[in-house]
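Q:
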Amino acid sequence: MANVFLKRKRKKRLELGHPWVFQSEVDYIEGDVEPGDFVNVYNHQRHFLAKGYINPKSQMIVRVLTQNPNDELNAQFFMNRIRQAWAYRERMIPGVRSCRAIYGEADFLPGLIVDKYEDVLVVQILSLGMEKRKEWILQALLDVFQPKAIYLRNDVHVRELEGLKQEKGFWYGTCDTNVQIEENGVKYIVDIENGQKTGFFFDQRQNRAAIKPLITSESTVLDCFTHTGSFMLNACLYGAKHVTAVDISEHAIETAKRNAELNGFTNVDFVVANAFDYLRECVQKGKKWDVVIIDPPAFAKSAHAVPKALAGYKDINLNGLKLVKDGGFFVTASCSYHVHPDMFQAMVAEAAFDAKKILRQIHWSGAGYDHPKLLAADEGDYLKFAIYEVHSRK
Numbered sequence: 024m025a026n027v028f029l030k031r032k033r034k035k036r037l038e039l040g041h042p043w044v045f046q047s048e049v050d051y052i053e054g055d056v057e058p059g060d061f062v063n064v065y066n067h068q069r070h071f072l073a074k075g076y077i078n079p080k081s082q083m084i085v086r087v088l089t090q091n092p093n094d095e096l097n098a099q100f101f102m103n104r105i106r107q108a109w110a111y112r113e114r115m116i117p118g119v120r121s122c123r124a125i126y127g128e129a130d131f132l133p134g135l136i137v138d139k140y141e142d143v144l145v146v147q148i149l150s151l152g153m154e155k156r157k158e159w160i161l162q163a164l165l166d167v168f169q170p171k172a173i174y175l176r177n178d179v180h181v182r183e184l185e186g187l188k189q190e191k192g193f194w195y196g197t198c199d200t201n202v203q204i205e206e207n208g209v210k211y212i213v214d215i216e217n218g219q220k221t222g223f224f225f226d227q228r229q230n231r232a233a234i235k236p237l238i239t240s241e242s243t244v245l246d247c248f249t250h251t252g253s254f255m256l257n258a259c260l261y262g263a264k265h266v267t268a269v270d271i272s273e274h275a276i277e278t279a280k281r282n283a284e285l286n287g288f289t290n291v292d293f294v295v296a297n298a299f300d301y302l303r304e305c306v307q308k309g310k311k312w313d314v315v316i317i318d319p320p321a322f323a324k325s326a327h328a329v330p331k332a333l334a335g336y337k338d339i340n341l342n343g344l345k346l347v348k349d350g351g352f353f354v355t356a357s358c359s360y361h362v363h364p365d366m367f368q369a370m371v372a373e374a375a376f377d378a379k380k381i382l383r384q385i386h387w388s389g390a391g392y393d394h395p396k397l398l399a400a401d402e403g404d405y406l407k408f409a410i411y412e413v414h415s416r417k
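Heads up: the sequence shown begins at 24 in this note's numbering, then just goes up one per residue.
(1) Alpha carbon to alpha carbon, what distance is there between Y126 and H363?
(2) Just how far apart, CA to CA, sit D433 and C122?
(3) Does the beta-carbon of E436 have 16 or more other beta-carbons within 10 angstroms, so that it is buried, or is it exposed?
(4) Note down, in chain order, each residue of its chain lying with its Cβ closer than 6 Å to the Cβ of H265, except the 5 sequence neighbours on either side.
(5) According to DSSP, is T243 helix, strand or coil?
(6) Within the continuous beta strand (DSSP E) that includes L144, where are the two ends?
(7) Could you work out which residue in A129, S357 and V269 is closest to Q227 when comparing CA atoms only?
(8) Bridge partners for S47 per DSSP, in chain order?
(9) Just the Cα atoms here: how many angstroms apart are N207 and D50?
(10) Count the CB pairs spanning the segment 397-411 and the segment 41-48 that are closer than 8 Å, and state whether there are at least three.
(11) Would the segment 184-201 and the segment 285-304 be scored as touching if the rule is three or more Cβ pairs under 8 Å?
(12) Which residue marks the beginning of the beta strand (DSSP E) containing D138, and which one marks its end?
(13) Starting from T89, trace the alpha helix (DSSP H) in both directions and tell me its first and last residue.
(14) Just to confirm, are F61 and P92 a CB contact at a threshold of 8 Å?
(15) Taking the beta strand (DSSP E) that I317 falls in, what are its first and last residues?
(16) According to DSSP, which residues form a beta bridge with T267?
(17) First and last residue of the alpha helix (DSSP H) that includes F100?
(18) Can you list, in chain order, the residues of its chain whose CB lies under 8 Å from that of P58, leaving out five sequence neighbours each side?
(19) Quick check: the segment 373-390 against the segment 212-224, are at least 3 beta-carbon pairs closer than 8 Å?
(20) Could you tell me which of G335, Y336, L344 and I339 sits nearest to D313, measuring between CA atoms?
(21) Alpha carbon to alpha carbon, what distance is there between E183 and F225?
(22) What's the call for T239, buried or exposed, on a 16-neighbour Cβ count within 10 Å?
(23) Taking the C-alpha atoms as reference points, what is the distance between F367 and N230?
(24) Going by DSSP in three states, L406 sits in which element: helix, strand or coil?
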């Protein structure tokens, strides 16, 4: 293994547990390396810091696998890591059958995502170092999970930054690419072939359950950016009188309809519309709901996009707040990493001021148990989720 030595003047992020070494932190490399090779990482005093894999073409030149010098990076190492990741989920979510089973860096397997949908796994391999260990990973997944099928969703742009091709298709076995799962007592049809990401957003599991106290048998609910209907379905499960589900995607709304039918929910109106326009029109018409839910996709893909993203978030939050009955509840979220929690809360406060509302925060959280976060890596702190009680300001 070649040795990577870091500069003296650098932030001690690696020592705190950050999983990446950036090009700008590297002083020199001893030994020959091929992209994807395992390497040792040392500080400027030649003290061991970590082992990982290298890609000289990437800004993240080394991704860390372990900080234990005694770990041998072999097939058994990957088997152990995957087994540990699944044992953690089984402990934190007893009886779980569908969840994010492996979450890359947070499970000390950088560049590897595995979502488990009942007995089907959907895998994303996002880095060259993981691509070169595909056979080890496949064997470990088969041994730990005994899946009926494994589907690759390597159709993501980040692979090209690693010098890899985009691809998707079955890696092991075959099955129907529409898989039925259950979460929080709700059934879903998940499109593992063409759905967003790997087909479903597991990170909101606990947040979907958090809306239960808001719902009564008399509650009317507006769910904007419903996607395949997850918050809508939970609102129905908890006894809502009526739900309006809005999304700009006809495919998403059709899937949401199928999910409602699957669960026997008939008290839903489905609307294919741009949520920005729909919210504005509802304000003009003077409509009101007991609970309004705003769960949009990421608006900021980079730091440069933050000002525009915050303007977009304020627009939908402002109009969403105006649609909540006095004493009702406003549920809002953002999955844009670059919009930090303090920015998000400041935006909500500005929207509340302009809407002449007083907000009482009753819940704040991020991603669920199957999306753990390394304390040293702010990059994992992407999801903001809040519930507010809404009161009119005279």
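C-beta atoms are modelled at their ideal positions from N, C-alpha and C, and glycine is treated no differently.
A: To lay it out plainly:
(1) Taking the first residue of the sequence shown as 1, we reach residue 363 at position 340. Taking the first residue of the sequence shown as 1, we reach residue 126 at position 103. Whole-angstrom Cα-Cα distance: 21 Å.
(2) This structure gives no information on residue 433, because the portion of the chain shown stretches from 24 to 417.
(3) Outside the displayed span of the chain (24 to 417) sits residue 436, for which this structure offers no information.
(4) Taking the sequence shown and counting its residues from 1, the one referred to as residue 265 is at position 242. Hits under 6 Å: T243 and N290.
(5) One-based indexing of the sequence shown puts residue 243 at position 220. Looking at T243 - three-state DSSP - the assignment turns out to be strand.
(6) What you label residue 144 is simply residue 121 of the sequence shown in a count that begins at 1. Taken as a continuous stretch (DSSP letters only), the beta strand (DSSP E) holding L144 covers V143 to I148.
(7) Counting from 1 along the sequence shown, the entry for residue 227 is found at position 204. That would be S357, whose Cα lies nearest to the Cα of Q227.
(8) Here residue 47 refers to the residue found at position 24 of the sequence shown. In the DSSP assignment, S47 forms no beta bridge with any residue.
(9) As a first step, residue 207 is located in the sequence shown; it is residue number 184 there, counting from the start. As a first step, residue 50 is located in the sequence shown; it is residue number 27 there, counting from the start. Rounded to whole angstroms, N207 to D50 spans 50 Å at the Cα level.
(10) Note that the segment 397-411 touches the segment 41-48; at least 3 beta-carbon pairs, one per stretch, sit closer than 8 Å.
(11) Not touching, per the Cβ criterion.
(12) What you label residue 138 is simply residue 115 of the sequence shown in a count that begins at 1. In the DSSP annotation of this structure, the continuous segment of the beta strand (DSSP E) that includes D138 starts and ends at L135 to Y140.
(13) For the purposes of this step, residue 89 is taken as the residue at position 66 of the sequence shown. Careful: T89 lies outside any alpha helix (DSSP H), inside the beta strand (DSSP E) at M83 to T89.
(14) If you number the sequence shown from 1, residue 61 lands on position 38. If you number the sequence shown from 1, residue 92 lands on position 69. In this structure, the beta-carbon distance from F61 to P92 does not fall below 8 Å.
(15) Residue mapping note: residue 317 aligns to position 294 of the sequence shown, counting from 1. From DSSP, the beta strand (DSSP E) with I317 extends over W312 to I317.
(16) Here residue 267 corresponds to residue number 244 of the sequence shown, with the count starting at 1. Paired residues: L245 and D292.
(17) For the purposes of this step, residue 100 is identified with residue 77 of the sequence shown, where counting begins at 1. Start and end: A98 to M115.
(18) Stepping through the sequence shown from its first residue, residue 58 is reached at position 35. The residues are I77, N78, P79, K80, L151 and G186.
(19) The segment 212-224 vs the segment 373-390: no contact.
(20) The residue you call residue 313 lines up with position 290 of the sequence shown. Cα-wise, what sits closest to D313 is L344.
(21) Counted from its first residue, the sequence shown places residue 225 at position 202. Counted from its first residue, the sequence shown places residue 183 at position 160. Straight-line Cα distance between these residues: approximately 25 Å.
(22) If you number the sequence shown from 1, residue 239 lands on position 216. T239 comes out exposed.
(23) Locating residue 367 in the sequence shown gives position 344, counting from the first residue. Locating residue 230 in the sequence shown gives position 207, counting from the first residue. A straight-line Cα-Cα distance of about 17 Å links F367 and N230.
(24) Your numbering for residue 406 matches position 383 in the sequence shown. Coil, per DSSP.
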